[in-house]
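Going down the list, the sequences are from chains B and G.
Counted from 1, the first sequence has number 168 at position 107 by the working numbering; the numbering is strictly sequential.
Counted from 1, the second sequence has number 115 at position 108 by the working numbering; the numbering is strictly sequential.
A short write-up of the structure that comes next.
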Amino acid sequence: DAKTTQPNSMESNEEEPVHLPCNHSTISGTDYIHWYRQLPSQGPEYVIHGLTSNVNNRMASLAIAEDRKSSTLILHRATLRDAAVYYCILRVLPYNNNDMRFGAGTRLTVKP
Amino acid sequence: DVKVTQSSRYLVKRTGEKVFLECVQDMDHENMFWYRQDPGLGLRLIYFSYDVKMKEKGDIPEGYSVSREKKERFSLILESASTNQTSMYLCASSLTSRAYNEQFFGPGTRLTVL
């Protein structure tokens, strides 16, 4: 099974950029990289996903290493509302709904 | 916006009771899921469904059953609740199984079994 490794926790200051790393050294060519986050007392919410190229959306950017063995979720200006647990997940073939594996994630603390 | 709603935010039941957790999604999604979340164990998939009346076991189906009679509704059933089923239960849905489709989660039901 392809697995991901993330730091347990990170801290950021409000209005500064945040780079959340994820290692996935055993990734295969068909594995998609997904990021979700879970705010306190809420269910997880989708943030972004990518396969090979860097991706941007209104919430964040995803930078994928050229060898795809790591990726970084970038929050361009952290707000207090971004304090959450961030999960890096690989979607693997056959994408059969049983392939999403939420690990422990990274707990992001944002300081005012 | 996709909305996934769960019938209760908090539920307290007694050991041996039959418990129903209801989940409804309003975006005509094919797939629906039930997870439980426990400290130190993360989210674990209990069951999922890819169509009406279809279901598949996840990683921890023991002690649970599910029902999907209508496309928008997916129920999780604890036939005889036990204390080790005290947990946060999360329902999710996705349009299809394709790897680029995200899952949308409900707010969760915190179940306590006494």
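C-beta atoms are modelled at their ideal positions from N, C-alpha and C, and glycine is treated no differently.
Kindly indicate if chain G contains any beta-carbon less than 9 Å away from that of N74/B. no
Under 9 Å between the Cβ atoms of R117/G and L48/G? Going by C-beta atoms, R117/G is not nearer than 9 Å to L48/G.
If you follow the beta strand (DSSP E) that D45/G is in, where does it begin and where does it stop? 38 to 45
What does a CB cutoff of less than 7 Å around Y107/B pick up in its chain, not counting 5 residues either side in sequence? Y97
Within 10 Å of its beta-carbon, does T65/B have 16 or more other beta-carbons around it, so buried, or fewer, so exposed? buried
Starting from A165/B, find everything on chain G with Cβ-Cβ shorter than 7 Å and list it in chain order. G49
Bridge partners - Y17/G, DSSP secondary structure assignment: R117/G
Element boundaries [beta strand (DSSP E), containing E79/G]: Here E79/G belongs to no beta strand (DSSP E), and DSSP marks it neither H nor E.
Just to confirm my understanding: we take H110/B, look at its own chain, exclude 5 residues before and 5 after, and list those with CB closer than 8 Å. What are they? Y93, I94, H95, W96, V116, L123, R152
Using a threshold of 9 Å, state whether the C-beta atoms of F5/G and C98/G are closer than that. In the structure displayed, chain G extends from 8 to 121; residue 5/G sits before or after that span and is not available.
Exposure label - G23/G; buried when at least 16 CB within 10 Å: exposed
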